[in-house]
Amino acid sequence: MNIKKHIPNMLTAGNLLSGVMAIVFTLYAGRPDIAMWLIVLSAVFDFFDGMVARLLGVSSPIGKDLDSLADVVSFGLAPATLVFRGLEGLDAGNYLNYGVFVVVAFAALRLAKFNNDTRQSTSFLGLPVPSNALFWIGAAAAIPSFGLSIGASATLITYLVLTLVLSLLMVSELPMFSFKLSKEPLSHKWPQLVLIVVAIGSVVWLGWFGCSVTIIAYLLLSLLPQQKGEKA
């Protein structure tokens, strides 16, 4: 039995299980704080499963499909559940909270497009689903503050608009840089370096909301002219 070829799939399984447990902790344990950490753990597994598969030379169609299935749960359903529960706590008095689950369908569509798009081998077209999840972690943490400052109804409307915007960004053709290993010189990777600095500073200063700030910075940096080597 070749253990090596199963290592990436084991990491992907870790991604999926972390996402499932995030949903459980959100809906049944009332611990969104633990759920947020579990989604972050899913992102760590997701970052390394593809990298390990490429380094070991064991990439496979099954691994790619399994990764997408895990991502729909961990970066689509889990963060949507987190936001849904947060909005439910505002007691806005209607069923519009369920609108946040639209992001799950768009995450699935995004992943289906990615699996069949050869242009995204070194960079991305559209917002990656893990980035979508990180944005919603910060947004979910900010729901109580928004509720107090602008009211429950305005907060609900704001988050439904954000749901639409993030959903469309995932299936857009917006070129976005990645952190995938490449042979490009370090001078071509300045957006990644800037984003790392922004991420560290934002999370240290703002806590979980720093995740949302980081993804906004990611979008803005991706709009800037890049070196030719970074194009999709």
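Sequential numbering of the sequence shown, starting at 31, is according to our numbering.
Think of the CB as a built atom: it goes at the ideal place given N, C-alpha and C, for glycine as much as any other residue.
Beta carbon of residue i nearer than 7 Å to that of residue j
| i | j | result |
| --- | --- | --- |
| Met206 | Ser242 | no |
| Val113 | Trp166 | yes |
| Leu117 | Leu186 | yes |
| Val201 | Leu139 | yes |
| Leu46 | Val103 | yes |
| Thr193 | Val133 | yes |
| Asn145 | Ser98 | yes |
| Val228 | Thr244 | yes |
| Gly177 | Trp238 | no |
| Ala100 | Pro38 | no |
| Val88 | Lys35 | yes |
| Leu141 | Asn162 | no |
Residue nearest to residue i in terms of C-alpha spacing, selected from the options
| i | options | result |
| --- | --- | --- |
| Leu199 | Ile187, Ala43, Pro221, Phe154 | Phe154 |
| Pro158 | Ala137, Asn146, Ser48 | Ala137 |
| Gly49 | Tyr128, Glu203, Gly237, Val70 | Val70 |
| Gly240 | Thr111, Met66, Asn45, Asn39 | Met66 |
| Leu126 | Val191, Ile33, Ser232, Phe144 | Val191 |
| Phe209 | Asn124, Val74, Ala100, Val234 | Val74 |
| Val130 | Pro160, Ala170, Lys143, Gly156 | Ala170 |
| Arg61 | Thr111, Thr244, Ala142 | Thr111 |
| Asp121 | Ile33, Leu68, Ala182 | Ala182 |
| Leu68 | Ala83, Trp220, Gly44, Ser89 | Gly44 |
| Leu164 | Leu254, Ser232, Tyr128, Thr188 | Ser232 |
| Tyr189 | Pro255, Ala172, Pro221 | Ala172 |
Span of the alpha helix (DSSP H) around residue i
| i | result |
| --- | --- |
| Ile180 | 159-180 |
| Val228 | 220-236 |
| Phe114 | 108-118 |
| Gly80 | 62-86 |
| Val54 | 37-57 |
| Tyr248 | 239-253 |
Supposed close pair residue i, residue j - CB separation, criterion 8 Å
| i | j | result |
| --- | --- | --- |
| Arg115 | Leu57 | 7 Å |
CB contact below 7 Å: residue i versus chain D
| i | result |
| --- | --- |
| Ala100 | The structure shown has no chain D; it contains just one protein chain. |
With three or more C-beta pairs closer than 8 Å as the rule, is the segment 106-122 touching the segment 52-62?
Flag = yes, the segment 52-62 and the segment 106-122 touch.
Do the segment 93-105 and the segment 73-81 meet, that is, are 3 or more Cβ pairs less than 8 Å apart?
Contact check between the segment 93-105 and the segment 73-81: three or more CB pairs, one atom from each, fall below 8 Å, which counts as touching.
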